[in-house]
Structures are given as structure tokens and as C-alpha cells.
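K.L.:
Input: one structure, supplied below.
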Ligand code: ADP
Ligand code: MG
């Protein structure tokens with residue numbers, strides 16, 4: 001039928017050996033990678049270790065009918081690296097747990113790992129282990145990433161102070177619009193399998209959905225500017241809920257100016273076409289993986305013209321609510337819809 005290799009032809013160990021062959025180790029702290037009962041790591045002196053994990057489940061977090069496996073592998077790494085970046089840390093090693101339905105071929109898993117490999121290269125992180133099993137349900141990935149930050153410089157959600165500038169990297173709402181486009185094309189395809197997807201006009205938003213990048217570049221740039229955020233979180237569930245998390249942890253209120261929320265032109269155009277309010281997409285759409293952070297007002301001069309960073313508001317006393325200030329100067333309480341896992 002096809003020349004694809006069924007998984008049982010290689011077996012678990014054969015598959016691991018095949019995947020391992022393409023892995024390059026780059027981190028000086030990786031003493032031993034894949035192949036033993038556990039990896040051996042040597043944390044850098046003077047650094048603190050941060051660790052994060054994420055589960056990605058077929059049908060819940062991704063849809064294989066429009067998410068290519070290579071992109072999925074890349075995204076699985078990127079979303080975890082984003083959490084490491086949100087701690088003001090740099091990633092060092094990762095482990096990947098894999099539950100694979102038997103309908104998958106060896107080549108399909110290799111495609112997934114090609115995405116993982118590309119992300120490891122982009123973020124300078126070593127794949128040092130994992131686990132592999134079959135499953136009777138959907139493809140499931142569990143990624144755990146370790147990272148390092150200079151001792152005392154890992155940034156928590158809780159360090160924000162009233163008057164601190166509230167900043168966000170990049171632009172928001174694009175990943176949500178990308179998902180709308182992909183869902184629409186999927187419906188067209190289900191109605192007529194001969195139909196060709198029309199994605200040409202939506203390159204930016206589709207790429208924001210399928211291939212998000214962790215903003216490690218922003219972590220590096222802030223360090224170069226000599227700035228350490230007072231608090232930070234990554235924007236995975238929409239700006240509104242992240243601002244609420246940050247304020248709750250910091251014990252502050254906030255004022256967010258709607259006019260300052262960065263939304264890219266392709267996102268505005270797609271939203272208009274779908275009759276969606278771009279502001280709602282930015283506030284409540286998920287998966288942008290930008291960084292939301294606070295800086296003392298003294299940092300203003302250093303960041304006011306930064307191309308990748310936008311000041312969207314500032315923190316206030318706890319007594320003030322977390323509010324959204326419209327162009328007309330009207331303040332409305334911020335409501336977080338966000339992404340609900342259950
Ligand atoms: P164990 O029985 O001790 O769990 P395994 O046979 O599962 O050992 O794994 C052998 C080696 O291969 C280990 O180093 C493990 O970390 C690695 N490994 C297993 N599955 C994966 C995977 N999906 N990705 C990367 N490394 C893996
Ligand atoms: Mg195992």
C-alpha cells in the first residue's frame with residue numbers, strides 16, 4: 001500500500017535508536033544524554049535551575065487534520081521554552097514523553113522529531129531523554145524543560161509594584177485568528193475533500209497558530225539593556241487572564257490602555273473578515289506566547305522606542321481593580337475569559 005514503516009517493525013528500542021541518531025548535544029551542562037536509565041546534568045555554578053512541563057493531547061490541544069507533525073514537534077518545545085523565558089531563564093535540557101497510537105508510522109514520528117530537533121537548535125536546548133509508549137487514544141506529548149537563571153534573578157509573577165510599567169512583547173490575537181482560519185478551512189475540506197485550503201492571505205496568523213516562537217530573544221535583549229523585570233508571565237491564555245494572574249500574584253491592580261494593545265495588521269484584517277473584535281482576540285484568544293512583564297518607571301527611556309516591546313499600561317494599588325481604559329478615558333473592569341482546560 002505505502003512504503004511507510006509500521007511502528008511494530010522497529011519496536012520501541014529501534015525507534016528510540018533511530019530518533020537518537022539525529023540528536024546533537026550543545027549544552028556544556030549535559031554530561032550524558034539519551035541511552036542510559038537517566039541523563040546526567042551538571043548545573044552551572046551560580047545559577048538556579050528552573051523546570052516546567054506541559055502536556056499536549058490530540059483533540060484537546062491540537063488537531064492533526066491541520067497541524068503538520070513537524071510544526072507540532074516544534075510547538076511542543078516552544079511552548080515549554082516560553083515558560084522558561086517567562087522566568088527570565090534560558091533553557092538547557094528537555095525530556096519528551098510520547099504516547100503514540102499504533103496507526104502512526106515510523107516516518108510520522110520522525111517528522112514530529114524533526115520539529116523537535118529544529119526547536120532544540122533554535123533555542124539551544126538539549127533533548128536528553130524521554131519515554132515512549134503506545135496508546136489506544138490520541139497522540140500525546142509530555143515535554144519537560146529545564147533552564148537556568150543567575151541566582152536571585154529568576155523572575156516570578158509576584159514581584160510587580162504599583163506604578164511599574166506593564167509591558168508586552170510582540171503582538172497579540174494572531175494565534176487565535178490563525179485558529180479561526182484553520183477551523184474554517186477544515187470545515188470546507190470536510191464538506192469537499194477535493195477543496196484546496198485557502199491560506200495564502202493568512203500566512204501571518206496561521207504561522208502564529210502553528211509555529212509560535214518562545215521570546216527568548218526578549219529575555220536576551222532585556223539583559224543587554226541591563227533590565228530585570230519585576231514580574232513576568234507568558235501570554236498563553238490571552239492577555240486579560242495573564243494580567244489578572246500577574247496582579248493577583250503581585251497584590252496590585254492595573255490599568256491597561258486598550259489603544260496601546262499591539263495587534264498586527266494581518267490580525268486586524270482577518271478579524272474584520274470574520275466579524276470579530278480584534279481587541280477581544282487579543283484579550284481572550286490564546287497561544288500568542290508573548291511575554292507580559294513589569295519594569296520600574298525608571299526603565300521608561302530604555303524601552304519607550306523598543307520595536308519588540310509595547311508599554312500597555314501600569315500597575316496600581318490593590319484597591320484599584322484591574323481595569324481596561326478605553327480611548328475615551330473610560331475605565332471598565334477587565335474580565336478574563338481565557339482558555340479553560342475543563
Ligand atoms: P527505561 O526503561 O529506563 O525507561 P527506556 O528504554 O524507556 O528506558 O529509554 C531508553 C533511553 O531512551 C533513555 O535514555 C530514555 O530517556 C530515552 N528515551 C526513551 N523514549 C524517548 C523519547 N521519546 N525521546 C527521547 N528519548 C527517549
Ligand atoms: Mg522508559
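Residue numbers (the UniProt record's numbering): 1 to 342.
In this text, a Cβ means the ideal position worked out from N, Cα and C, and glycines have one as well.
(1) Let's test the definition: count the other Cβ atoms within 10 Å of the Cβ of residue 55 and tell me whether it reaches 16, buried, or not, exposed.
(2) Short of 8 Å in beta carbon distance, which residues of its chain neighbour residue 189, apart from the five on each side in sequence? Order them along the chain.
(3) When the Cβ atoms of the stretch 156-165 are set against those of the stretch 228-248, are three or more pairs found closer than 8 Å?
(4) For residue 204, collect the residues of the same chain with a Cβ closer than 7 Å to its Cβ; drop the 5 residues on either side in sequence, then sort them by chain order.
(5) When the Cα atoms are used, what is the spatial distance from residue 37 to residue 168?
(6) Does the distance from the CB of residue 115 to the CB of residue 179 come in under 9 Å?
(7) Under the criterion of a Cβ to heavy atom distance below 8 Å, does residue 131 qualify as lining the ligand ADP?
(8) Output the boundary residues of the alpha helix (DSSP H) element that contains residue 82.
(9) Quick test of your reading: residue 109 and residue 15, contact by CB under 8 Å. State the CB separation rounded to the nearest angstrom.
(10) Does residue 121 pass the burial test, meaning 16 or more other C-beta atoms within 10 Å, or should it be called exposed?
(11) Take residue 11 as the anchor and find which of 106, 183, 177, 41 has the nearest alpha-carbon.
(12) To the nearest angstrom, how far is it from the Cα of residue 99 to the Cα of residue 215?
(13) Measuring alpha carbon to alpha carbon, tell me which residue in 78, 48, 127 is nearest residue 32.
(14) Buried or exposed: residue 363, going by 16 or more other Cβ atoms within 10 Å of its Cβ?
(15) With a floor of 3 residues, list each beta strand (DSSP E) that falls wholly inside the stretch 123-202, ordered by position along the chain.
(16) Give a yes or no on whether the C-beta atoms belonging to residue 39 and residue 81 are separated by under 9 Å.
(17) Going by C-alpha distance, which of 327, 61, 176 is nearest residue 268?
(18) Can you tell me which of 316, 284, 261, 322 puts its alpha carbon nearest to the alpha carbon of residue 310?
(19) For residue 48, which option in 238, 150, 296, 77 has the closest C-alpha, if you only look at C-alpha atoms?
(20) Verify whether the separation of the beta carbon atoms of residue 59 and residue 42 is less than 9 Å.
(21) Which stretch, first to last residue, makes up the alpha helix (DSSP H) that contains residue 241?
(22) How would you write the range of the alpha helix (DSSP H) that residue 13 sits in, first residue to last?
(23) Bridge partners of residue 48, per DSSP?
(24) Indicate whether residue 315 and residue 324 have their beta-carbon atoms separated by less than 9 Å.
(25) Measure how close the beta-carbons of residue 129 and residue 95 come, nearest whole angstrom, since I'm counting them as under 8 Å.
(26) With distances taken Cα to Cα, identify the nearest neighbour of residue 155 among 256, 318, 275, 86.
(27) Within 10 angstroms of its Cβ, does residue 103 collect 16 or more other Cβ (buried), or is it exposed?
(28) Which residues in the same chain as residue 245 place their Cβ atom closer than 7 Å to its Cβ, once the five residues preceding and following it in sequence are excluded?
(29) Please state whether DSSP places residue 234 in a helix, a strand or coil.
P.N.:
Result, derived from the coordinates:
(1) exposed
(2) 65, 195, 197
(3) yes
(4) 174, 264, 266
(5) 41 Å
(6) no
(7) yes
(8) 69-85
(9) 7 Å
(10) exposed
(11) 106
(12) 28 Å
(13) 127
(14) Given a span of 1 to 342 for the chain in the structure shown, any question on residue 363 remains unanswerable.
(15) 126-135, 140-150, 165-169
(16) no
(17) 176
(18) 261
(19) 150
(20) no
(21) 239-250
(22) 7-20
(23) 149
(24) no
(25) 4 Å
(26) 86
(27) exposed
(28) 157, 233
(29) strand
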